[in-house]
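**Student:** Residue numbering for the sequence shown is 1156 to 1233, as defined by my numbering. All C-beta atoms in this analysis are idealised placements derived from N, C-alpha and C, irrespective of residue type, glycine included.
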Amino acid sequence: MDVKRVKDYLYWLYYQYQLVTCSYVLEPWEQSMFHTITVTVVAMVVYTAYVFVPIHVRLALEFFSQIFGAQPESPVVN
């Protein structure tokens, strides 16, 4: 892709973000506070999903495997 097209696309995405959140009507200091809070919340959600979702998926799989009668894993003895 052309660098100009990527730059224009990113600018368009930021413009869409401002329209959807109505942050274009805020003063500059309010915009910076709003963007800081938004980025912080998104970062916390991503971190929480990265840390806790795999644990919950594993526990759910173990739970449902016990309900539906899957054989427990046993070590192979040679």
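Assuming the contact rule is C-beta atoms closer than 8 Å, Ser1178 and Gln1186 should be a hit. Round their C-beta distance to whole Å, please.
**Tutor:** 6 Å
**Student:** To the nearest angstrom, report how far apart Leu1181 and Lys1159 are at their CA atoms.
**Tutor:** 28 Å
**Student:** Specify the secondary structure class of Asp1157 as computed by DSSP and reduced to three states.
**Tutor:** In the displayed model, Asp1157 falls within coil according to three-state DSSP, outside both helix and strand.
**Student:** Please report the distance separating the alpha-carbon of Tyr1169 from that of Asp1157.
**Tutor:** Near 19 Å, if we compare the C-alpha coordinates of Asp1157 and Tyr1169.
**Student:** Terminal residues of the continuous alpha helix (DSSP H) containing Ser1220?
**Tutor:** According to the DSSP assignment, Ser1220 belongs to the alpha helix (DSSP H) that extends over Pro1183 to Ile1222.
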